[in-house]
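Engineer: As given, the protein sequences belong to chains A and B, one line each in that order.
Read left to right, the first sequence gives residues 320 to 690 (the numbering used here).
Read left to right, the second sequence gives residues 320 to 690 (the numbering used here).
The C-beta atom is built at its ideal place from N, Cα and C for all residues, glycine as well.
As the structure is a prediction and not an experimental result, all values here were calculated from the model.
Protein chains: 2
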Amino acid sequence: MSEPVKVEVGLGERAYDILIGPGLLGRAGAEIAARLPGARVAVVTDENVAAAQLPVLQAGLEAGGVSSTVITVPPGEKTKSFSHLETVVDGILAAKLERRDAVIAFGGGVVGDLTGFAAGIARRGMPFVQVPTSLLAQVDSSVGGKTGINSPRGKNLVGVFHQPKLVLADTEALDTLPVREFRAGYAEVAKYGLIDRPDFFAWLEKNWQAVFAGGAARIEAIAEACRAKADVVARDEFETGDRALLNLGHTFGHALEAAVQYDGARLVHGEGVAIGMALAHRFSTRMNLASPDDAARVEAHLKAVGLPWRMADVPGGLPDAEALLGFIAQDKKVSRGTLTFILTHGVGKSFVARDVPASEVLSFLKENHPG
Amino acid sequence: MSEPVKVEVGLGERAYDILIGPGLLGRAGAEIAARLPGARVAVVTDENVAAAQLPVLQAGLEAGGVSSTVITVPPGEKTKSFSHLETVVDGILAAKLERRDAVIAFGGGVVGDLTGFAAGIARRGMPFVQVPTSLLAQVDSSVGGKTGINSPRGKNLVGVFHQPKLVLADTEALDTLPVREFRAGYAEVAKYGLIDRPDFFAWLEKNWQAVFAGGAARIEAIAEACRAKADVVARDEFETGDRALLNLGHTFGHALEAAVQYDGARLVHGEGVAIGMALAHRFSTRMNLASPDDAARVEAHLKAVGLPWRMADVPGGLPDAEALLGFIAQDKKVSRGTLTFILTHGVGKSFVARDVPASEVLSFLKENHPG
Ligand SMILES: NC(=O)c1ccc[n+]([C@@H]2O[C@H](COP(=O)([O-])OP(=O)(O)OC[C@H]3O[C@@H](n4cnc5c(N)ncnc54)[C@H](O)[C@@H]3O)[C@@H](O)[C@H]2O)c1
Ligand SMILES: NC(=O)c1ccc[n+]([C@@H]2O[C@H](COP(=O)([O-])OP(=O)(O)OC[C@H]3O[C@@H](n4cnc5c(N)ncnc54)[C@H](O)[C@@H]3O)[C@@H](O)[C@H]2O)c1
Ligand SMILES: [Zn+2]
Ligand SMILES: [Zn+2]
Numbered sequence: 320m321s322e323p324v325k326v327e328v329g330l331g332e333r334a335y336d337i338l339i340g341p342g343l344l345g346r347a348g349a350e351i352a353a354r355l356p357g358a359r360v361a362v363v364t365d366e367n368v369a370a371a372q373l374p375v376l377q378a379g380l381e382a383g384g385v386s387s388t389v390i391t392v393p394p395g396e397k398t399k400s401f402s403h404l405e406t407v408v409d410g411i412l413a414a415k416l417e418r419r420d421a422v423i424a425f426g427g428g429v430v431g432d433l434t435g436f437a438a439g440i441a442r443r444g445m446p447f448v449q450v451p452t453s454l455l456a457q458v459d460s461s462v463g464g465k466t467g468i469n470s471p472r473g474k475n476l477v478g479v480f481h482q483p484k485l486v487l488a489d490t491e492a493l494d495t496l497p498v499r500e501f502r503a504g505y506a507e508v509a510k511y512g513l514i515d516r517p518d519f520f521a522w523l524e525k526n527w528q529a530v531f532a533g534g535a536a537r538i539e540a541i542a543e544a545c546r547a548k549a550d551v552v553a554r555d556e557f558e559t560g561d562r563a564l565l566n567l568g569h570t571f572g573h574a575l576e577a578a579v580q581y582d583g584a585r586l587v588h589g590e591g592v593a594i595g596m597a598l599a600h601r602f603s604t605r606m607n608l609a610s611p612d613d614a615a616r617v618e619a620h621l622k623a624v625g626l627p628w629r630m631a632d633v634p635g636g637l638p639d640a641e642a643l644l645g646f647i648a649q650d651k652k653v654s655r656g657t658l659t660f661i662l663t664h665g666v667g668k669s670f671v672a673r674d675v676p677a678s679e680v681l682s683f684l685k686e687n688h689p690g
Numbered sequence: 320m321s322e323p324v325k326v327e328v329g330l331g332e333r334a335y336d337i338l339i340g341p342g343l344l345g346r347a348g349a350e351i352a353a354r355l356p357g358a359r360v361a362v363v364t365d366e367n368v369a370a371a372q373l374p375v376l377q378a379g380l381e382a383g384g385v386s387s388t389v390i391t392v393p394p395g396e397k398t399k400s401f402s403h404l405e406t407v408v409d410g411i412l413a414a415k416l417e418r419r420d421a422v423i424a425f426g427g428g429v430v431g432d433l434t435g436f437a438a439g440i441a442r443r444g445m446p447f448v449q450v451p452t453s454l455l456a457q458v459d460s461s462v463g464g465k466t467g468i469n470s471p472r473g474k475n476l477v478g479v480f481h482q483p484k485l486v487l488a489d490t491e492a493l494d495t496l497p498v499r500e501f502r503a504g505y506a507e508v509a510k511y512g513l514i515d516r517p518d519f520f521a522w523l524e525k526n527w528q529a530v531f532a533g534g535a536a537r538i539e540a541i542a543e544a545c546r547a548k549a550d551v552v553a554r555d556e557f558e559t560g561d562r563a564l565l566n567l568g569h570t571f572g573h574a575l576e577a578a579v580q581y582d583g584a585r586l587v588h589g590e591g592v593a594i595g596m597a598l599a600h601r602f603s604t605r606m607n608l609a610s611p612d613d614a615a616r617v618e619a620h621l622k623a624v625g626l627p628w629r630m631a632d633v634p635g636g637l638p639d640a641e642a643l644l645g646f647i648a649q650d651k652k653v654s655r656g657t658l659t660f661i662l663t664h665g666v667g668k669s670f671v672a673r674d675v676p677a678s679e680v681l682s683f684l685k686e687n688h689p690g
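(1) Classify A547(B): buried if its beta carbon has 16 or more other beta carbons within 10 angstroms, exposed otherwise.
(2) Cutting at 7 Å between CB atoms, please list the residues of its own chain near K651(A), excluding the five before and the five after it.
(3) What alpha helix (DSSP H) runs, 4 residues minimum, are completely inside the region 626-666 of chain B?
(4) Quick check: what's the CA-CA separation for A648(B) versus G572(B)?
(5) Are the region 528-536 of chain A and the region 607-615 of chain A touching by the rule of at least three beta carbon pairs closer than 8 Å?
(6) If we call anything under 7 Å between Cβ atoms a contact, is G595(A) one with G568(A)?
(7) Just checking: is the beta-carbon of N478(A) within a distance shorter than 7 Å of some beta-carbon in chain B?
(8) How about L376(A): is its Cβ closer than 6 Å to a heavy atom in ligand 2?
(9) Below 8 Å, how does it come out for the region 452-470 of chain B and the region 428-435 of chain A: are there three or more Cβ pairs, yes or no?
(10) Which residue wins for smallest C-alpha separation from V328(B), given the options A414(B), A553(B), N687(B)?
(11) Which of the three DSSP states is assigned to E590(A) in this structure?
(12) Give me the DSSP bridge partner(s) of Y335(A).
(13) In terms of alpha-carbon separation, which member of L344(A), V430(A), D336(A) lies closest to E366(A)?
(14) Taking 7 Å as the cut-off, decide whether the C-beta atoms of E590(A) and A503(A) are in contact.
(15) Which residues have their C-beta within less than 6 Å of a heavy atom of ligand 4, listed in chain order?
(16) To the nearest angstrom, how far is the alpha carbon of E322(A) from that of G340(A)?
(17) If I follow the unbroken beta strand (DSSP E) through S387(B), where does it start and stop?
(18) Who are the near neighbours of V385(A) in its chain, counting only those whose CB is closer than 8 Å to its CB and skipping five residues on each side?
(19) Cβ closer than 8 Å: which chain A residues qualify as neighbours of E405(B)?
(20) With 16 other CB atoms within 10 Å as the buried threshold, where does E576(A) fall?
(21) Given this structure, state the Cα-to-Cα distance separating Y335(B) from C545(A), to the nearest angstrom.
(22) At what residues does the alpha helix (DSSP H) containing V551(A) begin and finish?
(23) Please return the same chain residues whose Cβ sits closer than 7 Å to the Cβ of E491(B), not counting the five positions on each side in sequence.
(24) Taking a contact to mean a Cβ-Cβ separation below 7 Å, would you say V362(B) touches T452(B) in this structure?
(25) Could you work out which residues of chain A lie near G467(B), taking near to mean beta carbons separated by less than 9 Å?
(26) Residues in the same chain with beta-carbon distance under 6 Å from S603(B), minus the five sequence neighbours each way, listed in chain order, please.
(27) Taking the Cβ atom as the reference point for each residue, do A642(B) and F660(B) lie within a distance shorter than 7 Å?
(28) Please compile the residues from chain A whose C-beta is within a distance smaller than 9 Å of the C-beta of A334(B).
(29) Measuring from the CB of A500(A), is there a heavy atom of ligand 1 at a distance below 6 Å?
(30) Let me confirm a value: K325(A) is counted as buried when at least 16 other C-beta atoms fall within 10 Å, else exposed. Which label applies?
(31) Less than 7 Å between CB atoms is the rule here; does R472(B) satisfy it with respect to chain A?
(32) With 7 Å as the threshold, decide whether the Cβ of L412(B) is near any Cβ in chain A.
(33) Step through the CB atoms of chain B and report whether any lies within less than 7 Å of the CB of V680(A).
(34) With a 10 Å radius around its C-beta and 16 neighbouring C-beta atoms as the bar for buried, classify S470(A) as buried or exposed.
(35) What in chain A is Cβ-close to D432(B), meaning under 9 Å?
(36) Determine the direct distance from the alpha carbon of L485(B) to that of G331(B), and round the result to whole angstroms.
Listed below in structure tokens is the structure:
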């Protein structure tokens, strides 16, 4: 088997490796034992991932001599709640894990965010390992230590910063991922190009089909995305500055997710981000910050890969513009009453815009509202 | 008004002041505005403290131009639960506080631990200020950043390290504290003497009545306790070593609290610690680590101030020795199956003892069990 690609997240005493490649589930025990000798683990996963991939991981842990118990939660965004947090924390404590043991997050971003949070608060912080199984989780949520759950007042409003000790991104594990979820995760891959890697975006425009098909192009895309994310995280671990750029598309996106009440049948996170990125570019055009050509280029690429790119693409209709603005204002990227957005001067030229007038956002939402 | 005593907690960029003295509630607004300019605050308190002291604090905040909302929880150890955590977090988010605002913990250790935890996870960490109103909270729980709630699997098993920005210990606020609670808090004051300040313990043996009466001796005792706590915390913020010494009396004490199901009518935290400290000294004698004279001296002082000091002092009876050991083994100071205790070579000579045989503890519990 070929060696995995290794990307380091440079965070001093909290530094860790991201390993990317096929067959990593089978090596999980060896990789974990090398870094956390003698650790027992609790594997937290959701029902879908358990059905599709758990035996492979368990065999890999056993092969490395790592003993494990399993905690299973239901799939879906609604699982990022206080009640499931309590269940996972209780499972970790019931397994009598100690501070030298570890918790494994085995699943998509939902499992990763929930499990990382649980590991961050059980015994005031236990080591944990991310084993992401969705494309989104491999390129985004498993890296950087942001963990959390949702509140009725907004998404991801409750959580901690808690860095993993290791990230194992097995590219073969993506084979059982529903294609819709793969596509949604691809939105976050493209995001890195749109933030500050225009060459990567151009490469994706040419190679996206190969990325979807699997093989070397997929590994390369995931590795490049992880390098981009690791760079930003190393510069700004606690999101006091630059890291906010990663929210490109997310302010609009979160509002849409909230508007459909996190109903994954209607909109999954990456789809919200896709629409959000298109809206961020279109809004930048309206504010005379970027050329309409750039917005059109982004929309064309999202359309080509089959992602939603406008509000009208959300099935089942949306609340009106005022209500959408309400969701945005409730979002945590609001500061002293003014709105903070990630806007852009064009492809690969995103920036943090503070003091965006809410009135402009409202007019824009009205103009683009489907009905 | 005289200037308060100031004790600094030396934690680098997380350093903060503890101010100790009368009249501090009235100055709360000024002190907070000086450190967190422009911050709005949410005051978290319990029903007893709200009734006894809230108007004084609110006037003090207003006088300093700090606008506030109030979140009230029920009093008592059972409030350190996931469900109240959720309530407090929701209250903070409902008040639309942002990362530059602050949360105030206004109450005893229960309110402090719960509120600090909520502040640590709301928006992944908000500034918070401790305004402790019980003696225990002034000398112990408000300093050092350990926050958390209880789990059915054990006390304080869930939480984060989250340092306050400021601690305001108003010694006048203790005037409405029930005397039983004052006495329980005194156990934690004496603890610092027993850990490594034999002169302080000797001073307390002479001056405890003046400490109970109020005035200069009380301020001095609280200040010395805060200095002791701040020292340990600065040496070992995340409890990987020395800080464990602060658990003197707590392993036995927590087991007793668990045994009475955290029923404050039967045993409050400081009372459990008092019995626990006496047992730790007695057990050290049994292990031939300390002289029986030291154990007798500790017991005599606890008795003199009116604190419980042996298992027979817990009203309503206790489960048997095996069950008590079960509570101890579930406690988080267990490591790889062996028991960790804080034991002592005598007054002011405590140390962390790892690998204490569970069988010895069991025999000891049997010998000292009231029935
Ligand atoms: N922490 C961060 O920095 C960060 C960053 C981006 C997104 N997020 C969060 O990530 C979440 C979205 O993550 P997601 O898109 O992975 O959602 P998800 O975890 O819900 O996974 C998507 C679906 O795919 C299934 N699945 C995952 N892997 C599978 C596999 N290999 N085989 C079969 N089924 C599989 C899951 O069960 C689920 O039904 C959101 O909650 C978002 O807020 C967090
Ligand atoms: N975080 C830490 O480092 C740390 C250290 C020690 C103890 N603790 C925790 O502290 C808690 C115990 O704290 P506590 O003893 O303060 O208990 P508490 O918060 O329950 O307060 C004791 C009682 O006194 C009342 N009260 C408090 N101040 C009052 C006042 N000024 N006037 C009238 N009534 C008042 C409260 O309502 C309560 O009924 C435990 O949960 C323990 O685990 C934490
Ligand atoms: Zn995202
Ligand atoms: Zn205590």
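Structural biologist: Taking the definition as stated:
(1) buried
(2) Residue confidence for K651(A) is low, a pLDDT of 45 falling below 50, so the modelled location carries little weight; the figure read from the coordinates is stated next. Cβ neighbours of K651(A) beyond the five flanking positions: G473, L476.
(3) 640-649
(4) Between A648(B) and G572(B), the C-alpha separation is close to 13 Å.
(5) No contact exists between the region 528-536 of chain A and the region 607-615 of chain A.
(6) yes
(7) What sits at residue 478(A) in the sequence shown is Gly, not Asn. For G478(A), the answer is yes, since a Cβ of chain B falls inside 7 Å of its Cβ.
(8) no
(9) Cβ pair count under 8 Å is below three, so no.
(10) A553(B)
(11) Reduced to three states, the DSSP call for E590(A) is helix.
(12) V328(A)
(13) V430(A)
(14) yes
(15) D459(B), E507(B), H569(B), H588(B), V592(B)
(16) 8 Å
(17) 387-392
(18) Here the set comprises A347, G348, I351, A352, A358, R359, V360.
(19) Chain A residues near E405(B): F401.
(20) E576(A) sits buried, since 16 or more C-beta atoms from the chains shown fall within 10 Å of its C-beta.
(21) 37 Å
(22) 535-554
(23) P341, G342
(24) no
(25) I440, R443
(26) Excluding positions up to five away in sequence, the list reads A609, L662, T663.
(27) no
(28) Ordered by position in chain A, no residue passes the 9 Å Cβ test against A334(B), which lies about 18 Å from the chain.
(29) In the sequence on display, residue 500(A) carries Glu and not Ala. Checking every heavy atom of ligand 1 against the Cβ of E500(A), one is found closer than 6 Å.
(30) By the neighbour-count criterion, in which a residue is buried when 16 or more other Cβ atoms sit within 10 angstroms of its Cβ, K325(A) is exposed.
(31) yes
(32) yes
(33) No, no contact with chain B.
(34) buried
(35) By Cβ distance, chain A contributes nothing, its closest Cβ being about 11 Å from D432(B), past 9 Å.
(36) Between G331(B) and L485(B), the C-alpha separation is close to 14 Å.
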